[in-house]
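Take the position in the sequence shown, starting the count at 1, then add 26; the result is the number in the numbering used here. From the three backbone atoms N, C-alpha and C, an ideal C-beta is built for every residue, glycine too.
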Amino acid sequence: MKILKISIFLISVILVGCKVASPVSESDEALQFQSVFPEKKMQSAYETFTKSVVKLTAFVNYQTILFEPESAISIDDISDEDGLAFTRARLVQNESFSGTATIIGVEGGKALLMACAHNVSFADTLLTYSDKADSWGNRYLLGISIKTAQVLQVVCAMETFPARAIALDAENDLALLEIEAETETVLPPQANLKPVLLSELHWGDRLWLCGYPSGRFMMTSGLISKPDEKQGILMTDAPFSDGYSGAPALVYDLQSG
Numbered sequence: 027m028k029i030l031k032i033s034i035f036l037i038s039v040i041l042v043g044c045k046v047a048s049p050v051s052e053s054d055e056a057l058q059f060q061s062v063f064p065e066k067k068m069q070s071a072y073e074t075f076t077k078s079v080v081k082l083t084a085f086v087n088y089q090t091i092l093f094e095p096e097s098a099i100s101i102d103d104i105s106d107e108d109g110l111a112f113t114r115a116r117l118v119q120n121e122s123f124s125g126t127a128t129i130i131g132v133e134g135g136k137a138l139l140m141a142c143a144h145n146v147s148f149a150d151t152l153l154t155y156s157d158k159a160d161s162w163g164n165r166y167l168l169g170i171s172i173k174t175a176q177v178l179q180v181v182c183a184m185e186t187f188p189a190r191a192i193a194l195d196a197e198n199d200l201a202l203l204e205i206e207a208e209t210e211t212v213l214p215p216q217a218n219l220k221p222v223l224l225s226e227l228h229w230g231d232r233l234w235l236c237g238y239p240s241g242r243f244m245m246t247s248g249l250i251s252k253p254d255e256k257q258g259i260l261m262t263d264a265p266f267s268d269g270y271s272g273a274p275a276l277v278y279d280l281q282s283g
């Protein structure tokens with residue numbers, strides 16, 4: 027698969043504010059239970075947006091060759107039949123990795139999704155080195171793994187779709203994916219959001235994350251800290267774990283709704 031490297035402006039932080047156009051009466055503003063959302067309007071906006079957040083799973087297969095620890099095999103010996111004679115074992119490894127993606131565009135039965143590059147791009151070759159080296163300082167190999175297959179899947183609207191990466195920005199850890207359905211009606215709606223600049227955010231602003239830790243859809247919330255504004259660093263105390271990679275970070279604009 028040919029991956030085009032692109033620079034994706036602004037979405038590298040994936041910080042957005044919810045846009046809600048329909049008016050809400052005062053009686054609709056009251057929440058029934060204690061909530062992290064101060065008003066019903068904000069809670070409804072979040073629930074609407076979550077329909078555009080989907081589960082992303084990558085299935086990766088590797089064929090691994092392990093060498094004897096004392097074989098003193100170097101990278102130059104890999105293509106040599108004598109080097110392969112020191113093979114201790116051959117393994118087939120099937121790995122799966124879960125993450126999160128956000129639908130940012132839907133048209134004609136196709137959808138574009140934003141995700142993290144590390145959730146969709148895996149090395150073709152992995153080398154495992156020994157702590158021993160030759161006289162030139164070249165470390166000996168303990169094993170080599172070669173990728174033999176990779177499949178990306180997106181689960182949304184109670185269906186599973188094969189996905190393909192159409193653009194990759196490894197430096198900013200961003201990937202653009204595409205899925206295709208027989209009809210546009212089976213696809214979730216695209217996210218109706220506006221990007222927010224880091225300069226618009228302040229210490230103590232609240233943000234929300236929604237993603238798929240352990241493959242299950244969950245939300246979490248925390249406060250924003252800006253320890254180094256010149257470098258564009260943003261931090262939060264929101265608790266999150268594996269599976270939240272690619273999850274959008276949401277802030278709510280109280281002035282525009």
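Open item on the list: When you compare the segment 92 to 106 with the segment 158 to 172, are there three or more beta-carbon pairs, one atom per stretch, that lie closer than 8 Å?
Closed with: Taking one beta carbon from each stretch, the segment 92 to 106 and the segment 158 to 172 have 3 or more pairs nearer than 8 Å; the two touch.
Open item on the list: I need the straight-line Cα distance from His144 to Ile104, nearest angstrom please.
Closed with: Between His144 and Ile104, the alpha-carbon positions lie close to 27 Å from each other.
Task: CA-to-CA distance, Ile91 to Asp263, given in whole angstroms - done: Rounded to whole angstroms, Asp263 to Ile91 spans 42 Å at the Cα level.
Task: Secondary structure of Met184, DSSP reduced to three states - done: If DSSP states are grouped into helix, strand and coil, Met184 belongs with coil.
Open item on the list: Taking a contact to mean a Cβ-Cβ separation below 8 Å, would you say Lys67 touches Ala56 in this structure?
Closed with: Not a contact, by the Cβ cut-off of 8 Å.
Open item on the list: With the cut-off set at 8 Å, would you say Ala175 and Phe75 are in Cβ contact?
Closed with: Against a cut-off of 8 Å, the Cβ pair of Phe75 and Ala175 comes out as no contact.
Task: For Pro221, three-class secondary structure by DSSP - done: In this structure, Pro221 counts as strand in the three-state DSSP scheme.
- [ ] Taking only the alpha-carbon atoms, compute the straight-line gap between Phe266 and Tyr238 and give it to the nearest angstrom.
- [x] Distance from the CA of Phe266 to the CA of Tyr238, rounded to the nearest whole angstrom, comes to 10 Å.
Task: Exposed unless 16 or more other CB atoms sit within 10 angstroms - verdict on Tyr278 - done: Taking every protein chain shown into account, the CB of Tyr278 has 16 or more other CB atoms within 10 angstroms, so this residue is buried.
TODO: From the DSSP output, in three-state form, read off Asn120 for me.
DONE: Note: Asn120 maps to strand in three-state DSSP.
Open item on the list: I want to know whether the segment 121 to 137 touches the segment 246 to 258 - three or more CB-CB distances under 8 Å.
Closed with: For the pair of segments examined, the segment 121 to 137 was found not to touch the segment 246 to 258: the number of CB pairs separated by less than 8 Å stays below three.
Task: Closest residue to Ser78 among Val132, Pro95, Leu233 (Cα-Cα distance) - done: For Ser78, the nearest C-alpha among the options comes from Val132.
Task: Limits of the beta strand (DSSP E) - the one that Phe159 falls within - done: It is Ala, not Phe, that sits at residue 159 in the sequence shown. Where Ala159 is concerned, the enclosing beta strand (DSSP E) stretches over 151 to 159.
Task: Near the ligand ZN: Lys136 beta-carbon under 7 Å from a heavy atom - done: With respect to the ligand ZN, the structure shown offers nothing to examine, as it has no ligands at all.
Task: Contact check, Ala201 vs Ser147, beta carbons under 8 Å - done: Yes, they are a contact pair.
TODO: Following the continuous alpha helix (DSSP H) through Lys66, name the residue where it begins and the one where it ends.
DONE: Note, Lys66: alpha helix (DSSP H), 66 to 75.
Task: DSSP beta-bridge partners of Lys136 - done: Beta-bridge analysis with DSSP links Lys136 to Glu133, Glu206.
- [ ] Give the range of the beta strand (DSSP E) segment to which Phe63 is assigned.
- [x] Note, Phe63: premise wrong, no beta strand (DSSP E); not H, not E.
TODO: Identify which residue in Ser247, Phe243, Val222 has its Cα closest to the Cα of Gly269.
DONE: Comparing Cα-Cα distances from Gly269 to each of Ser247, Phe243, Val222, the minimum goes to Phe243.
Task: Simplified DSSP state of Ser240, which is helix, strand or coil - done: Here Ser240 sits in helix by DSSP.
TODO: Name the residue from Val62, Ser171, Gln69 whose alpha carbon lies nearest to the alpha carbon of Phe93.
DONE: Answer by Cα proximity: Ser171.
TODO: Name the residue from Pro64, Ile259, Asp199, His228 whose alpha carbon lies nearest to the alpha carbon of Cys142.
DONE: Per the Cα distances, Asp199.
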